[in-house]
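Student:
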Amino acid sequence: MEPIQIAMVIALIISVIIHEMAHGYAANWLGDPTARLAGRLSANPLVHIDPLMSVILPGLLVLSGSPILFGAAKPVPYNPYNLSNQKWGEAIVAFAGPAANIVIAVVFALIIRSANILSLSDSFVQLAFSIIILNIFLAFFNLVPIPPLDGSKIFPRFLPHSLAMKYEGFRRTLERNVGLAFALVIILFVVVLADPLYQVTFWLAKALIGA
Numbered sequence: 013m014e015p016i017q018i019a020m021v022i023a024l025i026i027s028v029i030i031h032e033m034a035h036g037y038a039a040n041w042l043g044d045p046t047a048r049l050a051g052r053l054s055a056n057p058l059v060h061i062d063p064l065m066s067v068i069l070p071g072l073l074v075l076s077g078s079p080i081l082f083g084a085a086k087p088v089p090y091n092p093y094n095l096s097n098q099k100w101g102e103a104i105v106a107f108a109g110p111a112a113n114i115v116i117a118v119v120f121a122l123i124i125r126s127a128n129i130l131s132l133s134d135s136f137v138q139l140a141f142s143i144i145i146l147n148i149f150l151a152f153f154n155l156v157p158i159p160p161l162d163g164s165k166i167f168p169r170f171l172p173h174s175l176a177m178k179y180e181g182f183r184r185t186l187e188r189n190v191g192l193a194f195a196l197v198i199i200l201f202v203v204v205l206a207d208p209l210y211q212v213t214f215w216l217a218k219a220l221i222g223a
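Per this note's numbering, residue 13 is the first one in the sequence shown, and the count goes up by one each step.
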């Protein structure tokens, strides 16, 4: 691997860990201590890393020359019945992860905007821009309303009650069939979402840095 590829894999691992920690902190803030008691609010990356999704998959994508870098950390456990806000609590916990990725993107955009003041090298600016794209992509991808993605816990809160109940049944079915859920997500991404998601991600990344 080239140094910048190694740096991007490390950036991905850190980004998905922060994403999951944000879920845990949001749940803890809303009264559910499950993640805290499980040690998942720790900054120790070892408690969050999933060997397959955090290391092997991103590494294989880089080595294969894939234009897309993707991965995930271990999902943070939480109990929705412990949340103080029963109507919006689960949606808030779900949204916290993508929101954390947007914050990371904004931070690196501010760094790029200060590149001249900070005397940053072109290679670092390139890396920072790639990290912005990565985190915007992670945020938008996770907001797709297909289980087990975060959007599946947010979307039903905006539906009429009857439709929300039907969607919850669909969600529970896919959550019991993880393989089917991931297959559906991958097919939907490859067939429908890949190009528009990349276009929006790249446009927003350029807008953030003022390009």
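Ideal Cβ positions, reconstructed from N, Cα and C, are used throughout, including at glycine. It should be emphasised that the depicted structure is a prediction, and the values quoted were computed from it without experimental measurement.
Counting only runs that start and end within the stretch 175–208, where is the alpha helix (DSSP H) found for 4 or more residues in a row?
Tutor: DSSP runs (the alpha helix (DSSP H)) wholly in the stretch 175–208: 190–200.
Student: Taking the continuous alpha helix (DSSP H) assigned at SER27, which residues delimit it?
Tutor: Here the question's residue 27 lines up with position 15 in the sequence shown. Element bounds for SER27: 15–41.
Student: If we ignore side chains and look at the alpha-carbon of each, how far apart do ASN113 and SER174 end up?
Tutor: As a position in the sequence shown, residue 113 is number 101, starting the count at 1. As a position in the sequence shown, residue 174 is number 162, starting the count at 1. Roughly 32 Å between the two C-alpha positions.
Student: Is the number of C-beta pairs between the stretch 55–69 and the stretch 125–141 that are closer than 8 Å three or more?
Tutor: No: fewer than three Cβ pairs fall under 8 Å.
Student: With a threshold of 7 Å on Cβ separation, who are the neighbours of LEU24 within its own chain once the five nearest residues in sequence on each side are excluded?
Tutor: By one-based count along the sequence shown, residue 24 stands at place 12. Same-chain partners within the cutoff: PRO70, LEU81, GLY83 and LEU146.
Student: Check each candidate in LEU139, ILE29 and PRO15 and name the one with the smallest Cα separation from VAL59.
Tutor: The count along the sequence shown starts at 1 and reaches residue 59 at position 47. Cα-wise, what sits closest to VAL59 is ILE29.
Student: Grouping DSSP H, G and I as helix and E and B as strand, with all else coil, what is PRO79?
Tutor: Here residue 79 refers to the residue found at position 67 of the sequence shown. It is coil, neither helix nor strand.
Student: Report the rounded CA-to-CA distance for HIS31 versus GLY51, giving the unit in angstroms.
Tutor: Counting from one through the sequence shown, the residue named residue 31 turns up at place 19. Counting from one through the sequence shown, the residue named residue 51 turns up at place 39. Answer to the nearest angstrom: the Cα atoms are 15 Å apart.
Student: To test your reading of the DSSP string, which unbroken alpha helix (DSSP H) runs of 4 or more residues are found completely within the stretch 57–120?
Tutor: Counting only runs of 4 or more, we get 69–75.
Student: Quick one: residues in its chain with C-beta nearer than 8 Å to the C-beta of ASN154, no 5 flanking neighbours on either side, listed in chain order?
Tutor: For the purposes of this step, residue 154 is taken as the residue at position 142 of the sequence shown. Correct list, in chain order: HIS31, GLY109, PRO110, ASN113, LEU161, ASP162 and GLY163.
Student: Between which two residues does the alpha helix (DSSP H) containing VAL137 stretch?
Tutor: As a first step, residue 137 must be located in the sequence shown, where it is residue number 125. That run of the alpha helix (DSSP H) goes 134–154.
Student: So ILE166 is in the alpha helix (DSSP H); what residue range does that whole segment cover?
Tutor: Taking the first residue of the sequence shown as 1, we reach residue 166 at position 154. Segment 163–166, the alpha helix (DSSP H) holding ILE166.
Student: Reducing DSSP to helix, strand and coil, say where ILE124 ends up.
Tutor: The residue labelled residue 124 in the question sits at position 112 within the sequence shown. Note: ILE124 maps to helix in three-state DSSP.
Student: Rounded to whole angstroms, what's the CA-CA distance from LYS218 to ILE123? Just pull it up for me.
Tutor: Your numbering for residue 218 matches position 206 in the sequence shown. Your numbering for residue 123 matches position 111 in the sequence shown. Going from the Cα of LYS218 to the Cα of ILE123 covers about 13 Å.
Student: Taking the C-alpha atoms as reference points, what is the distance between ILE158 and PHE182?
Tutor: In the sequence shown, counting from the first residue as 1, residue 158 sits at position 146. In the sequence shown, counting from the first residue as 1, residue 182 sits at position 170. About 9 Å.
Student: Put LEU53 into one of helix, strand or coil per three-state DSSP.
Tutor: Position 41 of the sequence shown, counted from the start, is the residue given in the question as residue 53. It is coil, neither helix nor strand.
Student: For ALA47, which three-state DSSP category applies?
Tutor: Sequence index remark: in the sequence shown, residue 47 carries index 35 (1-based). Helix.
Student: Ignore the nearest five residues each way along the sequence and tell me which others in LEU220's own chain have a CB closer than 7 Å to its CB.
Tutor: For the purposes of this step, residue 220 is taken as residue 208 along the sequence shown, with counting starting at 1. The answer, listed in chain order, is ALA117, VAL118, ALA121 and ILE144.
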